[in-house]
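A.B. asks: Each residue of the sequence shown is one higher than the last, beginning at 16 in our numbering.
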Amino acid sequence: MTAFEKIIRHFERFPGIGSRQAKRFAFHLLTLDQSDLTELAELIRTIRTNVIVCPSCARFHSLQSPDRNCSVCGSTMRDRSKLTVVERDTDIDAIERSGVYDGLYFVLGGTVPLLDSQDVKRLRGGMLKQIVETRVTEGLKEIILGFSVNPDGENTGRYIETLLREQIEKNALKISHLGRGLSTGSELEYADPETIKNALKNRS
Ligand SMILES: [Zn+2]
């Protein structure tokens with residue numbers, strides 16, 4: 016395989032990118048100045064040291080504060096009685112755009128597919144349990160399940176409720192579903208701010 020083919024192969028692995036788009040990306044690189052290429056290569060090379068996983072919510076963020084928490088988890092302005100569990104980082108951006116949510120988040124790292132429940136191993140279930148334990152001491156009252164409205168999203172909600180059952184009962188935590196305010200089949204990531212605003216208001 017040539018170096019150019021290898022670049023195409025890497026782009027093909029990106030989410031939502033097919034082989035034609037991967038080729039277009041590779042040819043686009045050839046049109047860039049050498050300085051842009053050098054900068055891009057350097058940014059990719061150092062991405063793991065400049066972008067870290069928040070130890071409290073598991074989202075990726077650029078390392079800024081010494082305590083390694085992201086801007087949401089490190090903020091004293093957020094309502095610590097609410098914790099929304101989402102599938103991926105981009106869901107947080109979608110909810111933040113709605114401008115009405117002031118609680119905390121946790122990124123599960125995926126969903127539990129209805130047909131392959133073995134997939135739970137790659138999720139951050141163990142970390143979520145620990146975080147809930149800590150958050151309870153800080154006044155956590157409600158866990159909001161912020162998953163997309165499809166069979167996998169609903170299955171993931173059931174997984175979380177089972178995983179946290181003991182903690183929910185012991186601490187009388189309220190569980191609510193953000194998805195019940197979204198229309199069937201909608202993905203949180205692509206929902207517009209107004210829809211998310213209504214979903215949050217009507218969560219149950
Ligand atoms: Zn965080």
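Backbone N, C-alpha and C define an ideal beta-carbon position, used for all residues, glycine too.
Please name the residue in Arg95, Pro128 and Arg103 whose C-alpha comes closest to that of Glu148.
C.D. replies: Mapped onto the sequence shown, residue 148 falls at position 133. Residue Arg95 is the option with its Cα nearest to Glu148.
A.B. asks: Going by CA-CA distance only, name the one from Arg137, Thr152, Met142 and Pro128 that's closest to Phe121.
C.D. replies: As a first step, residue 121 is located in the sequence shown; it is residue number 106 there, counting from the start. Considering only alpha carbons, the answer is Met142.
A.B. asks: As a quick exercise: from Lys185, Ile159 and Ser90, pick the residue whose alpha carbon is nearest that of Asn217.
C.D. replies: Position 202 of the sequence shown holds residue 217. The residue with the shortest Cα to Cα distance from Asn217 is Ile159.
A.B. asks: Does any heavy atom of ligand 1 sit closer than 6 Å to the C-beta of Ser71?
C.D. replies: Here residue 71 is taken as the residue at index 56 of the sequence shown, counted from 1. Yes, Cβ of Ser71 sits closer than 6 Å to a heavy atom of ligand 1.
A.B. asks: Which residues does DSSP pair with Gly114 in a beta bridge?
C.D. replies: Reading the sequence shown from its first residue, position 99 is the one you call residue 114. Gly114 is not bridged to any residue.
A.B. asks: Between the Cα of Glu157 and those of Thr210, Arg63 and Tyr116, spot the shortest distance and give me the residue it belongs to.
C.D. replies: Along the sequence shown, read from residue 1 onward, the residue named residue 157 stands at position 142. Nearest option by C-alpha distance: Tyr116.
A.B. asks: Within the same chain, show all residues whose beta-carbon is closer than 7 Å to that of Leu129, passing over the 5 residues directly before and after it, in chain order.
C.D. replies: The residue you call residue 129 lines up with position 114 of the sequence shown. Closer than 7 Å at Cβ, skipping near neighbours: Pro166, Asp167 and Asn170.
A.B. asks: List the whole-angstrom C-beta distance separating Ile59 from Ala37, where the pair is believed to meet the contact cut-off of C-beta under 8 Å.
C.D. replies: By 1-based counting over the sequence shown, the position of residue 59 is 44. By 1-based counting over the sequence shown, the position of residue 37 is 22. Wrong, their Cβ atoms sit about 16 Å apart, outside the cutoff.
A.B. asks: Can you have a look at Val127 and say buried or exposed, based on whether 16 or more other CB atoms are within 10 angstroms of its CB?
C.D. replies: Position 112 of the sequence shown, counting from 1, holds the residue named residue 127. Its Cβ being crowded by 16 or more others within 10 Å, Val127 is buried.
A.B. asks: To the nearest angstrom, how far is the alpha carbon of Asp48 from that of Ala73?
C.D. replies: Here residue 48 refers to the residue found at position 33 of the sequence shown. Here residue 73 refers to the residue found at position 58 of the sequence shown. The straight-line gap from Cα to Cα measures roughly 36 Å.
A.B. asks: With a cut-off of 8 Å, do at least 3 Cβ pairs link the segment 79-86 to the segment 62-71?
C.D. replies: As far as the Cβ criterion goes, the segment 79-86 touches the segment 62-71, which means the pair count is three or higher.
A.B. asks: Cα-Cα, which of Gly118, Asn186 and Thr177 is closest to Val151?
C.D. replies: Taking the first residue of the sequence shown as 1, we reach residue 151 at position 136. Looking at the Cα atoms, Asn186 is the closest of the given residues.
A.B. asks: Out of curiosity, what's the CA-to-CA distance linking Asn65 and Gly161?
C.D. replies: The residue you call residue 65 lines up with position 50 of the sequence shown. The residue you call residue 161 lines up with position 146 of the sequence shown. So the alpha carbons of these two residues sit roughly 28 Å apart.
A.B. asks: Check for me: the alpha helix (DSSP H) holding Glu176 runs from which residue to which?
C.D. replies: In the sequence shown, counting from the first residue as 1, residue 176 sits at position 161. Segment Pro166 to Leu178, the alpha helix (DSSP H) holding Glu176.
A.B. asks: So what does DSSP say about Lys156, is it helix, strand or coil?
C.D. replies: The count along the sequence shown starts at 1 and reaches residue 156 at position 141. The answer is coil: DSSP assigns Lys156 none of H, G, I, E or B.
A.B. asks: Take Glu153 and list the residues in its own chain whose beta-carbon comes closer than 8 Å to its own, dropping the five residues that flank it on each side.
C.D. replies: One-based indexing of the sequence shown puts residue 153 at position 138. So the list reads Arg95, once near-sequence residues are dropped.
A.B. asks: How long is the line joining the alpha carbons of Lys212 and Arg103, rounded to whole angstroms?
C.D. replies: Taking the sequence shown and counting its residues from 1, one reaches residue 212 at position 197. Taking the sequence shown and counting its residues from 1, one reaches residue 103 at position 88. If I take the Cα positions, the gap works out to 19 Å.
A.B. asks: Given 6 Å as the limit, tell me if Val100 has its C-beta closer than that to any heavy atom belonging to ligand 1.
C.D. replies: Here residue 100 refers to the residue found at position 85 when the sequence shown is read from its first residue. Flag unset: Cβ of Val100 not near ligand 1.
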